[in-house]
Amino acid sequence: MTKLGQWLCGLALLGSAWAALALAPPGLRLPAPYRQALLPLPVYLLVAFGCYSLATVGYRLATFNDCEEAAAELQEHISAAREDLRRRGLRF
Amino acid sequence: MAADGGDKFSVLLPTYNERENLPLVVWLLVRTFRQSGNNFEIIIIDDGSPDGTQEIAEQLEKIYGSDKIVMREITSILFSSGTAYIHGMKHATGNFIVIMDADLSHHVSLYSIKQKEGNFDIVSGTRYKGNGGVYGWDLKRKLISRGANFITQVLLRPGASDLTGSFRLYRKEVLQKLTEKCVSKGYVFQMEMIVRARQLGYTIGEVPISFVDRVYGESKLGGNEIVSFLKGLLTLFATT
Numbered sequence: 001m002t003k004l005g006q007w008l009c010g011l012a013l014l015g016s017a018w019a020a021l022a023l024a025p026p027g028l029r030l031p032a033p034y035r036q037a038l039l040p041l042p043v044y045l046l047v048a049f050g051c052y053s054l055a056t057v058g059y060r061l062a063t064f065n066d067c068e069e070a071a072a073e074l075q076e077h078i079s080a081a082r083e084d085l086r087r088r089g090l091r092f
Numbered sequence: 001m002a003a004d005g006g007d008k009f010s011v012l013l014p015t016y017n018e019r020e021n022l023p024l025v026v027w028l029l030v031r032t033f034r035q036s037g038n039n040f041e042i043i044i045i046d047d048g049s050p051d052g053t054q055e056i057a058e059q060l061e062k063i064y065g066s067d068k069i070v071m072r073e074i075t076s077i078l079f080s081s082g083t084a085y086i087h088g089m090k091h092a093t094g095n096f097i098v099i100m101d102a103d104l105s106h107h108v109s110l111y112s113i114k115q116k117e118g119n120f121d122i123v124s125g126t127r128y129k130g131n132g133g134v135y136g137w138d139l140k141r142k143l144i145s146r147g148a149n150f151i152t153q154v155l156l157r158p159g160a161s162d163l164t165g166s167f168r169l170y171r172k173e174v175l176q177k178l179t180e181k182c183v184s185k186g187y188v189f190q191m192e193m194i195v196r197a198r199q200l201g202y203t204i205g206e207v208p209i210s211f212v213d214r215v216y217g218e219s220k221l222g223g224n225e226i227v228s229f230l231k232g233l234l235t236l237f238a239t240t
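If you read the protein sequences in the order shown, they are chains A and B.
Residue numbering for the first sequence follows full-length UniProt numbering, beginning at 1 and increasing consecutively.
Residue numbering for the second sequence follows full-length UniProt numbering, beginning at 1 and increasing consecutively.
Now the structure itself:
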């Protein structure tokens with residue numbers, strides 16, 4: 001199954017469970033307080049996921065390494081390379 | 001195993017207008033391989049560069065020997081990473097294939113790649129883990145990179161932390177199988193390979209790499225790239 005397929009199945013499952021419990025056709029009634037709490041649940045989850053995403057990306061952005069040493073090392077290598085290749089007859 | 005019983009590494013370098021960088025990349029590779037004592041060859045696949053890349057490649061072939069440097073040209077409007085690799089693999093005599101860009105962005109010690117070779121089918125470089133990182137990136141570029149990677153992880157759950165880096169090591173037969181199965185173009189192709197590799201049950205090891213920004217030339221990243229990235233991502237989401 002494709003990832004899209006997995007998402008659709010998951011959403012269908014959760015969606016129908018939520019609809020059954022929160023929108024409550026008669027016969028499957030939970031007590032009113034529970035139904036009222038369940039009703040806005042999808043929106044809450046969406047907002048929670050949004051916050052999680054922002055926090056995660058923010059954290060990863062802040063901890064993104066800067067490779068100062070690697071850059072310096074690379075510059076040295078480049079000089080050495082040009083030296084060596086010139087000696088071996090490379091016409092740049 | 002390669003014919004003589006040892007491991008041999010074939011490095012595929014697809015190039016377009018890399019006249020400045022190519023000698024430096026080759027020099028670094030030769031030096032690293034000689035230091036580690038590994039058997040290697042470097043296969044340069046050029047897309048008909050007008051800047052004399054091929055001429056430089058031929059000079060390098062003379063300097064290092066044509067058992068070590070092989071130059072192949074393909075001029076085709078279908079030149080994308082996929083076709084370059086397929087073409088390159090035909091000439092590769094090693095049992096491991098290393099794929100990297102010739103733009104000097106991948107300043108990597110191949111030691112660590114070899115070390116990580118805990119019998120993985122694929123070893124992938126990552127900028128996001130361990131002491132991997134970048135150099136010369138402004139905040140905006142870092143944000144885009146992290147944001148794009150986050151969306152990718154959520155949608156594709158690929159099992160690898162960095163999908164758009166293109167420094168990788170593959171077993172030859174694994175790469176052959178994957179290039180058959182993957183249909184995307186450009187760097188989305190790189191992403192697709194990892195996703196499909198996971199589906200086929202191949203093991204993937206990761207190595208932190210330092211991604212030093214281009215020394216010469218211009219890095220191929222712009223607004224168009226972002227749009228095409230999202231398109232490619234959604235395509236992979238829907239088809240894999």
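By construction, the Cβ of each residue, glycine as well, lies at the ideal position given by its N, Cα and C atoms.
Being a predicted model, the structure only gives us computed values, none of them experimental.
A:60 is the residue among A:13, A:60, A:47 whose C-alpha sits nearest the C-alpha of residue 128 of chain B. Residues of chain B whose Cβ lies closer than 8 angstroms to the Cβ of residue 57 of chain A are, in chain order, 143, 146, 147, 150. Distances from the alpha-carbon of residue 33 of chain B to those of B:149, B:49, B:154, B:7 put B:7 closest.
For residue 23 of chain B, the chain A residues whose Cβ falls inside 9 angstroms of its Cβ are 81, 82, 85, 90, 92, in order along the chain. Below the 8 angstroms Cβ cutoff, chain B contributes 139, 142, 143, 146 as neighbours of residue 61 of chain A, in chain order. Per DSSP, the continuous beta strand (DSSP E) segment holding residue 14 of chain B begins and ends at 8–15.
Taken in chain order, the complete beta strand (DSSP E) segments of 3 residues or longer contained in the segment 145–204 of chain B are 168–171. Counting only Cβ-Cβ distances below 9 angstroms, residue 85 of chain B has no contacts in chain A at all, with the closest Cβ about 25 angstroms away.
Closest by C-alpha distance to residue 84 of chain A, out of B:143, B:49, B:55, B:24, is B:24. Under the 8 angstroms criterion on CB atoms, residue 131 of chain B is classed as interfacial with respect to chain A. Within chain B, no C-beta atom comes less than 9 angstroms from the C-beta of residue 8 of chain A; the nearest is roughly 10 angstroms away. Take residue 158 of chain B, set aside five residues on each side of it, and the residues of its chain with a beta-carbon closer than 8 angstroms to its own are 152, 191, 194, 195, 198, in chain order. Taking all protein chains in view, the Cβ of residue 9 of chain A is surrounded by fewer than 16 other Cβ atoms within 10 Å, so the residue is classified as exposed.
At a cut-off of 8 angstroms, the C-beta of residue 63 of chain B has a neighbouring C-beta in chain A. In the displayed model, residue 89 of chain B falls within a helix according to three-state DSSP. Judged by DSSP secondary structure, residue 72 of chain B falls within the beta strand (DSSP E) whose first and last residues are 69–73.
Against residue 238 of chain B, the close residues of chain A are 2, 4, in the order they occur along the chain (beta-carbon pairs closer than 7 angstroms). Residue-level contact by beta carbon holds for residue 71 of chain A and chain B, with a gap shorter than 8 angstroms.
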